[in-house]
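Taking mature numbering (1 follows the signal peptide of the UniProt record, and there is no 0), I'd label the letters of the sequence shown as residues -26 to -1, 1 to 546.
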Amino acid sequence: MVATVKSRILCPIILLLSLCLAPAAATGTGSGSSADAARCNNGQQAASNRRQDATTETVNVDAACMLQLVSEGLSGAVGSAGKRVLSQDEQESLKKKTHEGPAAVNLGKAGTYAILSKAGISTVPTSAITGNMGVSPIASTAITGFSLVADSTNTFATSTQVTGSVYGPDYASPTPSDLTVTIGDMEIAYTDAAGRHTPNFLNLGSGNLGGKTLAPGLYKFGSSVIIPTDCTIEGSLLSGETDTWIFQMSGDLIMAANKQVTLARGAKASNIVWQVAGYVEVEAGAHMEGILLVKTAAHFRTGSSLTGRILAQTAVTLQSEVQDFVSNHPPPFALLRPSSSHGHGQWQHEGPAAVNLGKAGTYTILSKTGISTVPTSAITGNMGVSPIASTAITGFSLVADSTNTFATSTQVTGSVYGPDYASPTPSDLTVTIGDMEIAYTDAAGRHTPNFLNLGSGNLGGKTLAPGLYKFGSSVIIPADCTIEGSLLSGETDTWIFQMSGDLIMAANKQVTLARGAKASNIVWQVAGYVEVEAGAHMEGILLVKTAAHFRTGSSLTGRILAQTAVTIQSST
């Protein structure tokens, strides 16, 4: 059975019944008046006999009866049937009296943007966006995939994919100061929406809105919210166009592929706010309605769509989107309708093209200048050094194989190779080291990042979607973070993290994988060194220009491919 939330019906009915005159006033000679009066009397009796909780019960009084009750109860001209006829002013007054839902959230200048982000907007072309886009404080270079062309005034840019203007803080005045105000307004709006008290609905459906019809009101969820099947946002009978909705959630908002949020009885997307403390994921072919105030990121997959706005405090990623504006008092309102040259709703792998490791991909640890351990470590896979001799592999108590082409160690489940072993090992290692260097250059040379200087290089506490991340600094992980795949293609999604400095992970912190993400699809390209402190756990392939240090009790699921030395202290 489809669940229905209709708490808003009772209050207007009680209000309208309270406006009614005595039943005798309903008598007259007009056609159908006796039947109307009888229905209304029955409705009045039902209302007087049933004092119900507004969140669980409704009183069934039909629309004709409600209209009669209103016309009899308000002052105005008297019709031929003895009923009062509502003037236009009285009708407007009634609408104001019966508006339902929380006070509207004031978006300020953020309400003039279809897409607004603090950390970047990326698309897989071709998109068609009607309306303004902007980023700040990150530079306009974080708007990728749109082939931006600066206007002659240099206050904004244009794109063949955008019918509207595109703004960044590196454009000419007054754009930077305007964006500062706009981003501030977005943050204020988020805080306002998140801070509303006394919800009408608490943890409705345990966060599952599939199949529900949602009345105006304040909804609060102490969890993520999922929409696995179609749902409806429905206005009240007389005031649907002015009714309001706020959905507060402490987690993420995830909408399944090919599902729909539809509007009914006058409900408007401009009056619907989704306050999301986590991220938003709208899967392929799905359609969403409303204003997305998002603390982190928003991802719209191929063929998905939104009538609303995306106001995100980190990044926005789109896949072949189409976005149009509709009116919204007075600034424009966005209709986001992605389309795909690959076919509607067809799922695609997400993230950059994989880095080809060549023969380096057959090694767990590879170094040009040495590998040392403070026993006892536990390594699963092959290790190798070149051009430095195998004597630079220390602490492993190596034992040469009878063929002298490799060595073994009680700490290594695999083989250990050096250039001073018998043929073909030296030539194989030359190729392998060359492949490692090529892979590093490839990873470092990728352009058009999806995320630029995310968190100013601090990944602590973040959930990292597939994509190319570029940092003009070192990267630190002072708190746990998560690398999370997309809903349908997580196992094939890819990540590249480029950094011009070091990668430093604090003691006892964790990089964890979620939603199918695999360490083999994650590359950390580090121009400096890697430092993984005691007890910490890292995931992914480390392509390191200099050294990698793993401290006591630390661990890695992945590979260490370093162009100088690798040091390990009782690591796994």
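Glycine is no exception: its CB is placed at the ideal position from the N, C-alpha and C atoms.
What span of residues does the alpha helix (DSSP H) with residue i cover, start to end?
i	result
A153	Checking the sequence shown, residue 153 turns out to be Leu, not Ala. Looking at the DSSP string, the run of the alpha helix (DSSP H) that includes L153 is T149 to A168.
L237	No alpha helix (DSSP H) holds L237; the beta strand (DSSP E) holding it covers V235 to A238.
I412	T399 to A418
What span of residues does the beta strand (DSSP E) with residue i cover, start to end?
i	result
T291	A289 to Q293
L428	No beta strand (DSSP E) contains L428, which DSSP labels as neither H nor E.
G441	G441 to F445
K194	G191 to F195
E255	V254 to V256
T382	A381 to S383
Mapping DSSP to helix, strand and coil, what is residue i?
i	result
S389	strand
K69	Annotation note: pLDDT 49 at K69 (below 50); position unreliable, coordinate value reported separately. It is helical.
I542	strand
N330	coil
A272	strand
Q245	With the sequence shown as reference, residue 245 is identified as Asn, and Gln is not the correct amino acid for it. Helix, per DSSP.
L211	coil
S279	strand
residue 559	Outside the modelled stretch of the chain, which goes from -26 to 546, sits residue 559, for which no answer is possible.
S224	coil
S8	Only weak support is given to the placement of S8: the predicted model assigns it a pLDDT of 42, under 50, and the value that follows is read from those uncertain coordinates. S8: helix per DSSP, three-state reduction.
L178	helix
T437	strand
N432	strand
A396	coil
L188	strand
V296	Interpretation of V296 is limited by its pLDDT of 45, a score under 50 that renders its predicted location unreliable; the figure taken from the coordinates is listed afterwards. Strand at V296.
A230	coil
A374	strand
T203	coil
A286	strand
T368	strand
T30	Note that T30 has pLDDT 30, beneath the 50 cutoff, so the model's placement of it is unreliable and no number is given.
Assuming residue i and residue j are in contact, meaning their beta carbons sit under 8 Å apart, how far apart are those beta carbons, in whole angstroms?
i	j	result
A417	Q499	4 Å
L192	N177	Not confirmed; about 13 Å, so no contact.
Y164	L267	5 Å
D226	E324	Incorrect: roughly 17 Å between the Cβ atoms, too far for contact.
S224	G196	5 Å
G464	G490	3 Å
T338	G355	3 Å
Closer than 8 Å to a non-hydrogen atom of the ligand GTP - does that hold for the CB of residue i?
i	result
V348	Judged by which ligands are present, the structure shown has none, so any question about the ligand GTP falls away.
Check: Counting pairs of Cβ atoms below 8 Å between the stretch 281 to 294 and the stretch 263 to 273, do you hit three or more?
Finding: yes
Next item on the list: Can you check the stretch 332 to 365 for any beta strand (DSSP E) of at least 3 residues that lies completely inside it and give the ranges in chain order?
Entry: 337 to 341, 344 to 348 and 356 to 359
Next item on the list: Identify every run of the beta strand (DSSP E) within the stretch 448 to 480, keeping only runs that are complete inside it and at least 3 residues long; order them along the chain.
Entry: 449 to 451, 455 to 458, 469 to 473 and 477 to 479
Item checked: Completely contained beta strand (DSSP E) runs for the stretch 470 to 540, where each covers 3 or more residues -> 477 to 479, 485 to 488, 496 to 500, 504 to 506, 511 to 518, 522 to 524 and 529 to 536
Note to self: Going residue by residue through the stretch 76 to 159, where are the continuous beta strand (DSSP E) segments of at least 3 residues, counting only ones entirely within it?
What the structure shows: 89 to 91, 94 to 98, 102 to 104, 107 to 109, 131 to 133 and 136 to 141
Notebook entry, point to check: Quick check: the stretch 253 to 266 against the stretch 99 to 117, are there 3 or more CB pairs under 8 Å?
Noted result: no
Next item on the list: State whether the stretch 214 to 231 contacts the stretch 417 to 432, with contact taken as three or more CB pairs (one from each stretch) at a distance under 8 Å.
Entry: no
Next item on the list: Give a yes or no on contact between the stretch 502 to 522 and the stretch 465 to 477, applying the rule of three or more CB pairs nearer than 8 Å.
Entry: yes
Check: Three or more beta-carbon pairs under 8 Å between the stretch 512 to 530 and the stretch 359 to 369, yes or no?
Finding: no
Checklist line | Contact between the stretch 204 to 214 and the stretch 227 to 236 (3+ Cβ pairs under 8 Å) | finding: yes
Notebook entry, point to check: Is there contact here, the stretch 403 to 414 with the stretch 333 to 343, by at least three beta-carbon pairs under 8 Å?
Noted result: yes
Check: For the stretch 73 to 91 against the stretch 158 to 165, are there 3 or more C-beta pairs whose distance is under 8 Å?
Finding: yes
Note to self: Quick test of the definition: if touching needs 3 or more C-beta pairs under 8 Å, does the stretch 507 to 523 touch the stretch 532 to 546?
What the structure shows: yes
Check: Contact between the stretch 441 to 452 and the stretch 127 to 140: three or more CB pairs below 8 Å?
Finding: no
Check: Counting pairs of beta carbons, one from the stretch 137 to 156 and one from the stretch 178 to 187, are three or more of them closer than 8 Å?
Finding: no
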